[in-house]
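A.B. asks:
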Amino acid sequence: MEHIAALLLIVGCSGNVGAGDTRECQELPAPTPVYETFEECEAEKPVAMRELETEAPQVLATCVYVDPALVYDDAILEWDITSNGELTASIEPVTSFAVAQNEHARPGHAATK
């Protein structure tokens with residue numbers, strides 16, 4: 010299994026992100042989404058942006074550092090666009106889980122809490 014050090018995130022926006030209009034932004038599929046080094050990701054970012062420039066009026070991209078100690082099944086990619094139009098992103102561990110509990114007992118079964 011290869012080591013993943015960076016993830017390329019590309020976002021396309023139809024609004025003017027420089028003016029704070031980020032309502033119409035969505036992730037675009039990166040041609041190569043993962044890299045073994047952060048430097049490889051940075052080097053390929055301009056090429057990937059050119060390949061996707063027709064997908065949206067504004068295309069933003071950033072390389073996201075991937076912590077090798079992070080369990081990928083328990084992590085989410087969070088991204089935002091700053092007030093000056095910069096795409097920021099990080100991979101964060103999931104820290105809370107929703108747990109369902111049935112408060113009503115089925116007939117013949119005792120409710121547990």
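If you read the sequence shown in the working numbering, its first letter stands for residue 10, the second for the next number, and so on. Positions of the beta carbon are idealized from the N, C-alpha and C atoms, including for glycine.
Does DSSP classify Pro55 as helix, strand or coil?
C.D. replies: Position 46 of the sequence shown, counted from the first residue, corresponds to residue 55. Note: Pro55 maps to helix in three-state DSSP.
A.B. asks: Excluding five sequence neighbours on each side, which residues of the same chain lie with their C-beta closer than 6 Å to the C-beta of Leu86?
C.D. replies: Taking the sequence shown and counting its residues from 1, one reaches residue 86 at position 77. Ile100.
A.B. asks: Taking a contact to mean a Cβ-Cβ separation below 8 Å, would you say Ser23 touches Ala65 in this structure?
C.D. replies: One-based indexing of the sequence shown puts residue 23 at position 14. One-based indexing of the sequence shown puts residue 65 at position 56. Yes, they are a contact pair.
A.B. asks: Distance check for Ala52 and Val73, CA to CA, integer angstroms please.
C.D. replies: Against the sequence shown, residue 73 aligns to sequence position 64. Against the sequence shown, residue 52 aligns to sequence position 43. The straight-line gap from Cα to Cα measures roughly 13 Å.
A.B. asks: Could you tell me the alpha carbon to alpha carbon distance between Ala39 and Leu17, rounded to whole angstroms?
C.D. replies: Numbered from 1 along the sequence shown, position 30 holds the residue referred to as residue 39. Numbered from 1 along the sequence shown, position 8 holds the residue referred to as residue 17. So the two alpha carbons sit approximately 7 Å from each other.
A.B. asks: Measuring alpha carbon to alpha carbon, tell me which residue in Glu62, Cys34, Ala15, Val75 is nearest Thr41.
C.D. replies: Here residue 41 refers to the residue found at position 32 of the sequence shown. Among Glu62, Cys34, Ala15, Val75, the Cα nearest to that of Thr41 belongs to Ala15.
A.B. asks: Tell me whether Asp76 sits in a helix, a strand or coil according to DSSP, three-state version.
C.D. replies: On the sequence shown, residue 76 is found 67 positions in, with the first residue counted as 1. Residue state, collapsed to three classes: coil.
A.B. asks: Under 6 Å Cβ to Cβ from Lys122, same chain only, skipping five residues before and after it: list those, please.
C.D. replies: The residue labelled residue 122 in the question sits at position 113 within the sequence shown. Model confidence at Lys122 stands at a pLDDT of 45, short of 50, so the residue's coordinates are unreliable; what they give is reported in the following sentence. So no residue of the chain qualifies.
A.B. asks: Measure the beta-carbon distance from Ile19 to Ala70 and round it to whole angstroms, keeping in mind my assumption that it falls under 8 Å.
C.D. replies: Counting from 1 along the sequence shown, the entry for residue 19 is found at position 10. Counting from 1 along the sequence shown, the entry for residue 70 is found at position 61. With 8 Å as the limit, Ile19 and Ala70 qualify as a contact, their Cβ atoms being about 5 Å apart.
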